[in-house]
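Going by full-length UniProt numbering, the letters in the sequence shown line up with residues 1 to 309, in that order.
Using N, Cα and C, we set each Cβ at its ideal position, and we do this for glycine too.
These notes are about the structure you will find just below.
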Amino acid sequence: MSAPSRARIWGALSVVYVVWGSTYLGIEYAIRSMPPLLGMGIRFFAAGVIMLVALAIRFGPRFLVVTRRQILAMALLGALLLGLGLGMVAMAQYNEVPTGMVALLIAALPLWIAIFKVIDGAKSSPLSWLGIIIGFIGVGILLQPELSKPNNGAHIFWMLMVMVGNFGWAIGTYIAPRLDLPKSVLTVTGYQMLLGGVSMASVGLLVGEDLGDFLDATLQSWLGWIFLVLIGSIATYTAYLWLVQNAPVGLIATYAYVNPVVAIALGTIFLDEVLSITLLFGAIVVITGVALVVWVESRLNREPSLPTA
1 MSAPSRARIW GALSVVYVVW GSTYLGIEYA IRSMPPLLGM GIRFFAAGVI MLVALAIRFG
61 PRFLVVTRRQ ILAMALLGAL LLGLGLGMVA MAQYNEVPTG MVALLIAALP LWIAIFKVID
121 GAKSSPLSWL GIIIGFIGVG ILLQPELSKP NNGAHIFWML MVMVGNFGWA IGTYIAPRLD
181 LPKSVLTVTG YQMLLGGVSM ASVGLLVGED LGDFLDATLQ SWLGWIFLVL IGSIATYTAY
241 LWLVQNAPVG LIATYAYVNP VVAIALGTIF LDEVLSITLL FGAIVVITGV ALVVWVESRL
301 NREPSLPTA
């Protein structure tokens with residue numbers, strides 16, 4: 001089989017760059033009239049169902065057969081990565097944390113994963129530690145009060161909750177290799193989205209979100225939600241998996257610091273989010289640290305697992 005052309009690789013990478021960077025904008029439009037946890041939970045449930053049905057049609061129903069232990073493992077990962085990780089993203093944006101700010105906090109994920117790998121005894125590098133330090137300095141800059149609304153402690157609280165969710169994603173990534181999972185990455189992804197969606201939607205119902213509010217959402221919210229299901233979750237993840245099989249690790253990893261740039265640009269253009277000097281400086285520092293860590297980890301052939309939204 002011939003190697004894929006550079007045009008195909010860059011085409012798929014452009015999809016990952018732009019679409020995953022734009023999911024924060026899609027979330028913002030969806031939750032304007034949808035309950036955040038319920039809306040995003042049903043989003044992932046629907047994406048999981050569609051992916052699993054497509055796999056059953058393509059490879060046969062037996063392709064989806066998994067053990068009870070594997071179901072429990074994927075439910076745990078779905079709860080950590082999607083329920084906690086992306087659940088906090090939705091809640092933060094619902095509580096008016098700017099999309100660009102959320103994307104930058106999420107971009108720090110490789111820093112957490114690099115730390116976990118060192119704890120696990122993996123080979124590290126002084127440059128990797130330098131990147132981690134630089135990245136977290138950037139996060140500290142983003143948490144400065146002048147970037148929040150005046151006297152709005154809730155704003156800072158939800159920024160910190162994004163970091164908690166990011167930490168949960170890192171834990172899930174750290175324990176995933178130790179869990180009994182199906183061999184097919186597509187199968188794992190489908191079940192993980194389905195089960196993670198169930199966990200997120202269940203929490204939404206428990207905290208009082210109303211299914212009727214989801215069903216009565218505006219056309220703008222429904223268009224944002226459909227974009228997240230079909231393009232943000234299914235199509236883009238398929239492009240990402242194709243890249244994993246056909247492109248260099250270091251090239252794929254560049255989306256970790258391109259996505260926040262796309263999110264900031266779209267938030268400024270479509271949502272009138274303020275692009276202050278402090279935010280720009282914090283963004284440059286965070287992206288520099290993440291880029292350094294991703295570069296070092298890629299050279300060591302231990303690329304950190306990165307987020308999707």
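message: Measuring CB atoms only, is the segment 36-51 touching the segment 96-113, in the sense that at least three cross pairs come out at less than 8 Å?
response: Segments in contact, no.
message: Less than 8 Å between the C-beta atoms of G190 and L55, yes or no?
response: Sequence index remark: in the sequence shown, residue 190 carries index 190 (1-based). Sequence index remark: in the sequence shown, residue 55 carries index 55 (1-based). Taking 8 Å as the cut-off, the Cβ atoms of G190 and L55 count as close.
query: Per the contact definition of three or more C-beta pairs closer than 8 Å, is the segment 11-29 in contact with the segment 255-263?
result: By the C-beta criterion, the segment 255-263 is judged to be in contact with the segment 11-29, since at least 3 inter-stretch pairs fall below 8 Å.
- prompt: Between the segment 60-79 and the segment 172-183, do three or more beta carbon pairs fall short of 8 Å?
  reply: A contact exists between the segment 60-79 and the segment 172-183.
task: Thinking G282 and I141 are a contact (beta carbons under 8 Å), I'd like their distance in whole angstroms, please.
output: Position 282 of the sequence shown, counted from the first residue, corresponds to residue 282. Position 141 of the sequence shown, counted from the first residue, corresponds to residue 141. Confirmed, Cβ separation roughly 4 Å.
task: Drop a sphere of 10 angstroms on the beta-carbon of W225, count the other beta-carbons inside from all chains shown, and report buried for 16 or more, exposed for fewer.
output: Indexing the sequence shown from 1 puts residue 225 at position 225. It counts as buried.
field: Own chain partners of S33 with C-beta closer than 8 Å, once the 5 adjacent residues on each side are dropped
entry: As a first step, residue 33 must be located in the sequence shown, where it is residue number 33. Result list for S33: D213, D216, A217, T218, Q220 and S221, in chain order.
task: Alpha carbon to alpha carbon, how far is E96 from H155? Give it in angstroms, no decimals.
output: Counting from one through the sequence shown, the residue named residue 155 turns up at place 155. Counting from one through the sequence shown, the residue named residue 96 turns up at place 96. Straight-line Cα distance between these residues: approximately 7 Å.
- request: Output the boundary residues of the alpha helix (DSSP H) element that contains K117.
  value: The residue you call residue 117 lines up with position 117 of the sequence shown. Unbroken alpha helix (DSSP H) run through K117: L109 to I119.
message: To the nearest angstrom, how far is the alpha carbon of F227 from that of G26?
response: Residue numbering aside, residue 227 sits at position 227 when the sequence shown is read from its first letter. Residue numbering aside, residue 26 sits at position 26 when the sequence shown is read from its first letter. Per the coordinates, the alpha-carbon of F227 lies some 7 Å from the alpha-carbon of G26.
query: To which residues of the same chain is A263 closer than 6 Å at the C-beta, ignoring the five residues directly before and after it?
result: The residue labelled residue 263 in the question sits at position 263 within the sequence shown. Around A263: G21, Y24, T99, G100 and A103.
- request: Would you kindly report the start and end of the unbroken alpha helix (DSSP H) that includes D213?
  value: What you label residue 213 is simply residue 213 of the sequence shown in a count that begins at 1. Looking at the DSSP string, the run of the alpha helix (DSSP H) that includes D213 is L211 to L215.
query: Can you tell which of L127, M193, A265 and Q70 has its C-alpha closest to the C-alpha of G232?
result: Locating residue 232 in the sequence shown gives position 232, where the first residue counts as 1. When only C-alpha atoms are compared, the closest one is M193.
field: Contained alpha helix (DSSP H) runs [length at least 4] in the UniProt domain "EamA" (15-143), N- to C-terminal order
entry: 36-59, 68-77, 87-94, 99-107, 109-119 and 126-142
- request: Please list the segments of the beta strand (DSSP E) lying wholly inside the segment 214-280, counting only runs of 3 or more residues, in order along the chain.
  value: none
query: Taking the continuous alpha helix (DSSP H) assigned at V207, which residues delimit it?
result: Position 207 of the sequence shown, counting from 1, holds the residue named residue 207. Here V207 belongs to no alpha helix (DSSP H), and DSSP marks it neither H nor E.
- prompt: Between the C-alpha atoms of E303 and A7, what's the straight-line distance to the nearest angstrom?
  reply: Numbered from its first residue, the sequence shown carries residue 303 at position 303. Numbered from its first residue, the sequence shown carries residue 7 at position 7. Legend: pLDDT at E303 = 47, less than 50; position of this residue unreliable, no value from coordinates given.
message: Here's a check: name, in chain order, each residue in its chain whose Cβ is nearer than 7 Å to the Cβ of S124, leaving out the five neighbours to either side.
response: Position 124 of the sequence shown, counted from the first residue, corresponds to residue 124. Cβ within range, chain order: V118.
- prompt: Can you check whether the CB of R58 is closer than 8 Å to the CB of V229?
  reply: Residue numbering aside, residue 229 sits at position 229 when the sequence shown is read from its first letter. Residue numbering aside, residue 58 sits at position 58 when the sequence shown is read from its first letter. Contact: no.
query: Skipping 5 residues on each side, what residues in its chain have a beta carbon closer than 6 Å to that of M91?
result: Translated into the one-based positions of the sequence shown, residue 91 becomes position 91. These residues qualify, in order along the chain: P36.
- prompt: Which one of V65, I50, L81 and V286 has the shortest CA to CA distance from K183?
  reply: Residue mapping note: residue 183 aligns to position 183 of the sequence shown, counting from 1. Of the listed residues, the one whose Cα sits closest to K183 is V65.
message: Suppose you measure from the CA of A201 to the CA of M161; what does that come to, to the nearest Å?
response: By one-based count along the sequence shown, residue 201 stands at place 201. By one-based count along the sequence shown, residue 161 stands at place 161. Those two C-alpha atoms are separated by around 18 Å.
- request: Assuming V139 contacts L109 (C-beta within less than 8 Å), just tell me the rounded distance between them.
  value: Mapped onto the sequence shown, residue 139 falls at position 139. Mapped onto the sequence shown, residue 109 falls at position 109. No, V139 and L109 are not in contact; Cβ-Cβ is about 11 Å, not under 8 Å.
query: According to DSSP, is S5 helix, strand or coil?
result: Position 5 of the sequence shown, counted from the first residue, corresponds to residue 5. Looking at S5 - three-state DSSP - the assignment turns out to be coil, as it is neither helix nor strand.
Counted within 10 angstroms of its Cβ, other Cβ atoms place Q245 as buried (16 or more) or exposed: If you number the sequence shown from 1, residue 245 lands on position 245. Q245 should be labelled exposed.
query: Do you know offhand how far N151's Cα is from L211's?
result: The count along the sequence shown starts at 1 and reaches residue 151 at position 151. The count along the sequence shown starts at 1 and reaches residue 211 at position 211. Its pLDDT being 48, under 50, N151 is placed unreliably by the model, and the measurement read from it follows with that caveat. C-alpha separation (whole angstroms): 33 Å.
query: For G85 versus G165, is the C-beta distance shorter than 8 Å?
result: Stepping through the sequence shown from its first residue, residue 85 is reached at position 85. Stepping through the sequence shown from its first residue, residue 165 is reached at position 165. Yes, these two residues count as a Cβ contact at 8 Å.
query: Going straight from the alpha carbon of G121 to that of L82, what length do you get?
result: Taking the sequence shown and counting its residues from 1, the one referred to as residue 121 is at position 121. Taking the sequence shown and counting its residues from 1, the one referred to as residue 82 is at position 82. Distance between the alpha carbons of G121 and L82: 27 Å.
query: From what residue to what residue does the alpha helix (DSSP H) around A154 run?
result: Locating residue 154 in the sequence shown gives position 154, where the first residue counts as 1. Note, A154: alpha helix (DSSP H), G153 to I175.
task: Please determine, among S199, A12 and I132, the residue with the shortest C-alpha to C-alpha distance to V286.
output: Taking the first residue of the sequence shown as 1, we reach residue 286 at position 286. Nearest neighbour of V286 by Cα position, chosen from S199, A12 and I132, turns out to be I132.
message: Going by DSSP in three states, L179 sits in which element: helix, strand or coil?
response: Locating residue 179 in the sequence shown gives position 179, where the first residue counts as 1. DSSP places L179 in coil when its eight states are reduced to three.
message: Going by beta-carbon coordinates alone, are V293 and G135 separated by less than 8 Å?
response: Taking the sequence shown and counting its residues from 1, one reaches residue 293 at position 293. Taking the sequence shown and counting its residues from 1, one reaches residue 135 at position 135. In terms of Cβ geometry, V293 and G135 form a close pair [threshold 8 Å].
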